[in-house]
Every structure is written in structure tokens, then in C-alpha cells.
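The working numbering numbers the first residue of the sequence shown as 3 and each following residue consecutively.
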Amino acid sequence: MEHIEVARKFIQYTQQHIFLTGKAGTGKTTFLQQLKASEPKKMIVLAPTGVAAINAGGVTIHSFFQLHFGLFIPHYHTQWGEQGTAVINTQQLLNRLKFNSNKRKIINELELIVIDEISMVRADVIDAIDTILQHIRKKPGVPFGGIQMLFIGDLYQLPPVLREDERRIMAEHYRSCYFFDAMAFRNEQPLCIALQHIYRQNDEAFIHLLNNIRNGTCTDADLAMLEARYDPVYTPYPEEKIITLTTHNAIADDINSGELSRIPYPGHTLEARIEGEFPEQLYPIDTSLQFKVSAQVMFIKNDKGENRRYFNGKLATIEAIDTEHNQIVVSFENEKDTFVLEPEVWSNIRYRFDEEKNTVEEEVIGTFTQFPLKLAWAVTIHKSQGLTFDKAIIDAGRAFAPGQVYVALSRLRSLDGLILKSRISASGIATDPLVQAYSQEQLPMEELIKVLKFAQADYIEKQMAEAYNYHNILESYQHIDNSYNPLVFYNEAQLTVKRLAFQEQLFELVQTGLQFQRQVQSLVARGKSSYPAVRERLEKAAQWFQQKITGSLLPALEDFHNEAQQLTKSKKFFKDLQYLKRDIRYKIQLSDQSLLYINGLLNGMDPDTLLHEAHKLFDFAEFAAQYRDTIPAVPSDKLSTHEISYQMYVDGKTIADIARERNLVPSTVESHLLKYVAIGQLNAELFIGSDKLRTVTRHIEQQPGLGISQLRNELGEDYSYTEIKAALAYLQFRDTLKS
């Protein structure tokens with residue numbers, strides 16, 4: 003079995019944390035793209051930088067988890083380190099969280115988090131993620147809150163970037179800054195799977211040289227091979243497509259601007275088109291591109307067309323620039339035909355939870371449209387990561403970070419395409435011994451397969467117990483409760499009676515399910531000899547829970563639903579109730595699935611086959627499709643501005659959230675919501691405390707006819723205009739009840 007196939011099986015059918023690595027050109031990026039396309043689990047993709055996130059089709063770690071850009075030291079006692087280094091501890095980290103209901107729902111439903119370019123992620127960032135996930139998912143002590151983590155990257159490439167003061171503080175609390183030294187991994191490291199097949203190079207001598215540079219084991223023969231490629235005065239011939247890789251931005255910029263200025267043709271400025279939300283730190287390329295005909299350029303994106311004429315890193319020459327039709331004509335070395343290029347679109351996404359599909363979906367919130375080209379007489383080694391070149395002049399004599407020489411050399415397909423502008427000495431090939439030691443902890447294929455079978459069996463055992471975990475049902479109900487509790491109809495006396503009756507039934511089911519989970523976990527911990535006892539308990543549990551759901555819980559929910567129909571016409575509310583019913587019914591399916599699992603284990607089925615069969619028979623998407631017609635559609639007619647604010651508020655967003663997303667001031671949002679206080683759909687006490695409400699309404703009744711400004715003057719500065727308006731809206735609603 004190939005390593006890439008083993009990795010797929012670990013991701014699809016286990017909860018094992020994985021570090022997927024491999025030398026440059028072994029297909030790590032392709033694996034991620036295929037994983038995103040197949041979506042075996044509810045997953046998100048994160049990366050340490052904006053450009054890396056855009057290229058990976060995900061979002062940044064910091065934006066998703068609302069992390070600050072300083073250090074996270076769990077038990078640190080002060081907020082600020084010396085020289086202005088921001089350091090926060092666990093309490094400060096959690097106090098900063100402002101997750102809305104959608105983000106919390108996503109985190110609670112996630113099964114897999116992928117972090118790309120893991121070599122650049124610090125250990126303390128991993129610990130911050132672990133702390134947040136345990137907190138939000140209410141699973142203290144469970145690494146990453148029970149979510150499977152997939153880390154992708156090559157530790158021999160670019161390391162985390164720290165300032166000297168940050169490095170000093172981290173050294174007091176961490177063995178190193180690398181992700182594998184996170185406190186989250188003190189008990190168990192992620193399983194390392196290294197992809198073996200190299201797609202970029204097929205020159206065996208060059209592959210051997212790269213391996214030795216990677217491992218810090220260069221021989222005199224290797225250094226001699228590099229010395230043979232040293233040519234400090236090499237000058238490309240006029241038609242030659244070759245790029246210089248250098249260590250610093252300033253050097254690359256000087257080379258590119260100098261070469262461009264020597265071209266006698268007029269320059270053209272090509273501006274990007276930015277729509278929606280696309281912050282500057284995410285820009286994949288400059289917004290203004292300065293090009294001339296005959297300029298050497300490089301593609302920074304792969305061709306998605308059928309012919310795949312270009313790839314990330316391919317060099318070309320500009321033959322024509324058609325500003326009227328927004329096209330650029332380019333030619334490639336050793337290819338007869340030119341290619342007409344049009345602007346490409348990069349998308350900035352955010353994740354949202356789709357209740358109907360019960361999946362985590364990508365939502366495009368902004369786009370960046372520009373030609374996927376940049377001047378390419380030179381590029382920094384850092385920005386060359388992930389690119390492939392046929393020929394390159396490498397100037398790595400001033401390499402300042404471990405891995406830079408390896409990154410630069412491994413961009414090439416073969417040794418024949420290499421020209422060294424500066425010598426590479428043995429001392430310049432730096433490999434961190436910690437990275438070397440960690441990377442050697444790789445299991446042979448036979449052992450990996452054994453671990454896979456064990457992890458699959460463990461996954462099955464956990465799934466059997468998880469069938470009786472009703473926490474997600476409770477979370478869904480609490481989301482409904484929190485969303486609609488501010489509404490007047492929701493607190494009507496008879497509906498409250500029905501709601502509390504359902505709530506009581508649900509709480510009982512949650513507690514019983516928790517007790518049963520512990521029983522199953524205790525039994526399976528004894529090994530295969532306990533499987534007959536497990537089957538007996540699962541059969542009894544399936545019968546009891548199914549009777550409880552169909553005989554008590556669902557009827558109580560139906561009573562709640564029917565009573566609500568007398569009080570509100572809110573389609574969104576009834577849609578939420580229907581999703582809750584659907585998810586409760588699916589728990590019956592999961593109890594049947596647990597019986598399939600235990601019977602398969604007792605009959606000696608291969609775990610891989612058993613898991614495939616179970617996923618096919620109990621697919622949630624197919625189950626949900628049966629209920630689609632019973633779930634009311636929320637009207638998509640154009641809403642007024644105050645209706646939009648109200649709907650966002652009902653959906654769980656705060657006034658500050660709504661103001662920020664709609665580009666409004668908070669007082670405007672408040673005025674929108676006060677309209678619903680006046681008609682009894684929102685409670686006035688959302689805006690004014692009960693004591694203040696009594697005082698203001700009494701004052702208004704004693705002096706009717708006073709305007710808002712007059713009321714404010716008489717009541718004093720302790721009463722805001724919003725509070726006075728809320729009292730007036732309350733009185734308006736009270737008067738309609740009297741009439």
C-alpha cells in the first residue's frame with residue numbers, strides 16, 4: 003500500500019492525529035486538494051499566512067480562532083513581555099473570544115481540522131488552538147476537543163519566524179518553537195506519515211544530493227557537485243528563460259526593476275479588481291502590475307483549463323498586452339504557440355454551518371481578480387516555496403534561516419538547470435538537529451498498517467459509544483432557546499410549559515446517554531473478550547433509547563411545535579424546530595449503526611470494510627434528503643433594512659456584529675430593533691433594565707407629550723436615548739394590547 007493511500011484511510015476512518023510530510027515535490031499539496039474535493043468529514047483548512055490560506059483554499063489560523071499576534075503562554079502571569087512583546091495566558095485568551103453562534107456551531111460540529119504549511123506554525127499557536135477547542139466543545143483534557151488534526155508540511159523547509167525577544171520568552175517555556183514541541187503533544191505526538199514518491203525530480207544523483215542537504219549529511223562529493231555548478235558571472239543568453247532565487251526581497255526587487263527598465267517598450271499598469279471582503283494581507287499578488295512587452299514573467303497559479311498550459315512557477319515572455327480586451331499574450335520557451343491569458347479570480351472565504359446539509363460549507367465573501375503573473379527575473383527563496391523551475395540561478399550565500407538552501411535547490415527539476423551565483427559551503431547548509439531527530443521517528447509501512455488497523459478498531463469502538471452522545475442535540479436546542487428567548491411569543495405562558503416539558507425529556511436523555519457511553523467505554527476497554535457483553539448492552543440500549551425518543555421526546559417536541567403555531571408565523575423558527583426533529587430521528591439510525599459495528603467486529607470483519615459499509619448504509623445526506631420537503635423554506639424576498647437587522651439578531655448576532663457586517667453605526671441597528679419592541683416581538687428589557695423601565699414609563703405617564711430630548715434632560719445622563727426610546731416603544735406595544 004502506498005503512503006498516500008494509508009494517509010487517506012487514517013483521515014477517513016480514524017481519529018488519529020496525523021503529520022503528513024515528505025520531501026519537496028512528493029505531492030503534499032495535491033493530497034490536500036484531493037482531500038478538499040472528497041470531503042470525507044466535516045472539515046476546515048487553515049494556514050499560518052494570508053497568501054498560504056488563499057492558495058490552500060482556506061482561511062488563516064489567526065482569523066478563524068481570533069488569535070492575537072503575540073505569544074500564548076498558558077500560565078504566564080503578565081500581559082506584556084519586555085520590549086513590547088505581547089504575551090497572553092489561558093484566561094486572557096478565552097476572555098478575548100467573541101465567537102458568534104455560527105462559529106460555535108462550526109467548532110462543535112467539526113470532525114477534522116487541516117493546517118497547511120505547518121513548518122511555519124509555532125508551538126504556542128498549536129496550544130492556543132487546543133485550548134480554544136477544549137473550551138468551546140466543553141471537553142477539558144481531551145486534546146483539541148476531540149477533533150482530528152491533520153498537519154501538512156515539511157519541517158526541513160521554512161521555520162517559524164520569531165523576533166529575538168519572542169524567542170527568549172518561548173525558550174523559557176518550550177523546548178523549541180516548532181509545532182511538535184507544543185504542550186498539546188506531551189502525551190502523544192501526531193503520527194508521522196512521509197510521502198515517498200518524488201514527482202518534481204527524476205535525476206537520481208540530484209535526489210541523492212537533496213536528501214543529504216535535507217538531512218545535514220553532505221559529503222565532500224556532494225559539495226564538489228555543488229561547486230561544479232558555481233558560476234558567479236553567468237549571463238543568460240537573450241531567449242533563455244531562467245530565474246534568480248535570492249535571500250532578500252530588496253535584492254529580488256532591484257533585479258526585477260533593473261531588468262524592466264532596460265526594455266525599450268512602453269510600460270502598462272494593470273490594476274486588480276477587488277470585490278467584497280478581501281483584506282490587503284490576503285492579496286496573492288500586487289494590485290498594480292507594471293509590465294512591458296518582452297518582460298520575463300512567472301505564473302503564480304496552476305492552469306485549471308483542460309490543456310494545463312501553465313503551472314505555478316512556469317516562466318514566460320510577454321508578447322502583447324491588450325488593455326482594451328484585458329488580455330496578455332505570452333510565449334513559453336521551446337513551445338511554438340503563444341497563449342492568451344485572462345485575469346484569474348482568487349476567493350476569500352469564510353466557513354458557515356449549513357443546517358440543511360449538516361455540513362461545514364465555504365462561503366465566498368470577497369474576490370481578487372488579477373493576472374496570475376509577476377516579474378520573474380528574480381524571486382526570494384521564501385516566496386519560491388511550492389514552485390517548480392526548469393532552470394534557476396541561485397544566490398543563497400546569505401541564507402539566514404535553516405532550510406533556505408534546501409528550499410532553493412529543491413525548486414529545480416534537475417541538477418542540469420542549476421547555476422550557483424554564490425558558493426554554498428558546508429556551514430551554510432544548516433539543519434536543526436531537533437527537526438532531524440523528530441523526522442526520524444517514522445514507522446515502516448508494515449507498522450503503519452498495524453497502527454491503522456488498531457486506530458480503525460478504536461474509531462469503531464468510539465463511534466459505538468458516540469451514538470448515545472446527545473450533546474449535539476442539546477446544543478441545537480440551546481441555540482434555539484438563546485435565539486428566540488428575547489422574543490415575546492417565546493415566553494408566553496402556555497408555550498413555556500410545553501417548552502420546559504420537552505426540555506425535561508431532553509435533559510433526561512442526555513444524562514442517560516452519558517451514563518451509557520461510560521458503560522460502553524468501560525466494556526470495550528477490556529478488549530475483544532468483552533464484545534459479546536457490549537452487543538448485549540447495545541441491543542438493550544437501542545430498544546430503550548428508541549422507545550424514549552419516539553414515545554416521549556418527539557411527542558413533547560411536537561406539542562411545543564403545535565403550541566408555537568398558535569403564536570407566531572416565523573418560518574425561521576419552525577425550520578429550526580424541523581432540523582431539531584430530523585437530528586433527533588437520526589440518533590435512532592446511529593444506534594442501529596452501532597449494532598452493525600459490534601456485529602461486524604464479532605464476525606471478524608476487516609475494520610476497513612466494516613467502516614466503508616457503515617458509512618454507505620447510514621449516510622446522513624441521504625437521511626436528510628427524506629426530510630427536506632417537511633422543512634419550511636425561509637422567504638427569500640427582498641427584506642427592508644430593519645427586517646434584515648432583526649433577522650440577523652434573531653439568528654444570534656449581537657448589535658455590534660450587525661453594525662460591523664452591515665457597515666452601520668450601532669445606534670442605527672438599535673433603532674431597527676426597537677421597531678420590534680413596539681409590536682411585541684422583542685422584549686424592551688434587551689435595551690433597558692427593568693428598574694429603569696419602570697422609572698421612565700412612570701415619568702412619561704406623568705408628563706405625556708414630552709419629546710425625547712426633553713425626557714433626557716429631565717431624567718439625566720444616567721439614561722441614554724436608546725433606553726428612553728425603548729421605554730416609548732414598550733408603552734406603544736402596551737397601548738395596542740389595551741385597545
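The beta carbon of each residue, even a glycine, is placed where N, CA and C say it ideally should be. Every value quoted in this text rests on a predicted model; they were computed, and no experiment measured them.
Q: For the alpha helix (DSSP H) holding residue 376, just list the boundary residues, first then last.
A: Where residue 376 is concerned, there is no enclosing alpha helix (DSSP H), although the beta strand (DSSP E) it sits in stretches over 375 to 377.
Q) With distances taken between CB atoms, is the gap from residue 295 to residue 257 smaller than 9 Å? A) No, Cβ-Cβ distance for residue 295 and residue 257 is not below 9 Å.
Q. Whose CA, out of 22, 239, 610 and 196, lies closest to the CA of residue 379?
A. The candidate whose alpha carbon is nearest that of residue 379 is 239.
Q. Roughly how many angstroms separate the alpha carbons of residue 730 and residue 127, rounded to a whole number?
A. Each residue's alpha carbon lies about 49 Å from the other.
Q | Separation of residue 684 from residue 691, as counted between CA atoms | A | Straight-line Cα distance between these residues: approximately 14 Å.
(Q) Along the chain, where does the beta strand (DSSP E) containing residue 21 start, and where does it finish? (A) Looking at the DSSP string, the run of the beta strand (DSSP E) that includes residue 21 is 20 to 24.
(Q) So, for residue 511: in the same chain, excluding its five sequence neighbours on each side, which residues have a beta-carbon less than 7 Å away from its beta-carbon? (A) Excluding sequence neighbours, residue 511 sits near 472, 550 and 555.
(Q) Can you give me the C-alpha to C-alpha distance between residue 387 and residue 250, rounded to a whole angstrom? (A) Cα to Cα, the separation comes out at about 14 Å.
Q: For the beta strand (DSSP E) containing residue 361, list its first residue and its last residue.
A: Start and end: 361 to 372.
Q | Rounded separation between residue 182 and residue 21 - CA only | A | Cα to Cα, residue 182 sits roughly 9 Å from residue 21.
Q) Could you give the residue range of the alpha helix (DSSP H) that holds residue 12? A) Per DSSP, the continuous alpha helix (DSSP H) segment holding residue 12 begins and ends at 5 to 15.
Q. With distances taken from CA atoms, which of 720, 57, 673 and 704 is nearest residue 694?
A. Checked all of 720, 57, 673 and 704; the closest Cα to residue 694 is 720.
Q. Can the beta-carbon of residue 389 be found closer than 9 Å to that of residue 300?
A. At a Cβ-Cβ threshold of 9 Å, residue 389 and residue 300 count as neighbours.
Q.
Please report the distance separating the alpha-carbon of residue 527 from that of residue 39.
A. Distance between the alpha carbons of residue 527 and residue 39 is about 36 Å.
Q. Under three-state DSSP, which class holds residue 99?
A. Coil at residue 99, not helix or strand.
**Q.** Cβ separation of residue 714 and residue 726, assumed to be a contact under 8 Å, to the nearest whole Å
**A.** Contact holds; Cβ gap of about 6 Å.
(Q) Here's a check: name, in chain order, each residue in its chain whose Cβ is nearer than 6 Å to the Cβ of residue 4, leaving out the five neighbours to either side. (A) Within the same chain, residue 4 has no close Cβ partners at all.
Q. Between 659, 354, 703 and 451, which lies nearest to residue 12 when the distance is taken from Cα to Cα?
A. Distance from the Cα of residue 12 is smallest, within the candidate group 659, 354, 703 and 451, for 451.
Q. When the distance is taken between beta carbons, is residue 152 closer than 9 Å to residue 245?
A. In this structure, residue 152 does not lie closer than 9 Å to residue 245 by Cβ.
Q: Take the Cβ of residue 267 as the centre, count every other Cβ of all protein chains shown within 10 Å, and call the residue buried at 16 or more, exposed below.
A: Answer is exposed; the Cβ neighbour count stays below 16.
Q: Would you list the residues sitting across from residue 346 in a DSSP beta bridge?
A: Answer is 372, bridged to residue 346.
Q: Can you tell me which of the three DSSP states residue 79 falls into?
A: Secondary structure at residue 79: coil, using DSSP grouped into helix, strand and coil.
Q: Report the rounded CA-to-CA distance for residue 425 versus residue 102, giving the unit in angstroms.
A: Rounded to whole angstroms, residue 425 to residue 102 spans 54 Å at the Cα level.
(Q) Can you look up residue 321 in the DSSP assignment and give me helix, strand or coil? (A) In the structure shown, residue 321 falls within a strand segment according to DSSP collapsed to helix, strand and coil.
Q: Between the Cα of residue 358 and those of 282, 158, 383 and 582, spot the shortest distance and give me the residue it belongs to.
A: Of the candidates 282, 158, 383 and 582, the one whose C-alpha sits nearest the C-alpha of residue 358 is 582.
Q) What is the C-beta distance between residue 515 and residue 470, in whole angstroms, given that I count them as a contact (C-beta under 8 Å)? A) About 4 Å; that satisfies the 8 Å criterion.
Q: Going by CA-CA distance only, name the one from 59, 362, 43 and 42 that's closest to residue 50.
A: Relative to the Cα of residue 50, the nearest Cα in the group 59, 362, 43 and 42 belongs to 59.
Q: Determine the direct distance from the alpha carbon of residue 236 to that of residue 617, and round the result to whole angstroms.
A: Taken atom to atom, the span from the alpha-carbon of residue 617 to that of residue 236 is near 60 Å.
(Q) Which of the three DSSP states is assigned to residue 587 in this structure? (A) Three-state DSSP puts residue 587 in a helix.
Q. If you draw a straight line from the alpha carbon of residue 711 to that of residue 670, how long is it in whole angstroms?
A. The alpha-carbon atoms of residue 711 and residue 670 are separated by roughly 18 Å.
(Q) Going by DSSP, what residue range makes up the beta strand (DSSP E) through residue 270? (A) For residue 270, the enclosing beta strand (DSSP E) begins and ends at 269 to 273.
Q) Nearest to residue 65 by alpha carbon, out of 604, 105 and 418? A) Sorting 604, 105 and 418 by C-alpha distance to the C-alpha of residue 65 places 105 at the top.
Q | CA-to-CA distance, residue 16 to residue 335, given in whole angstroms | A | Between residue 335 and residue 16, the alpha-carbon positions lie close to 47 Å from each other.
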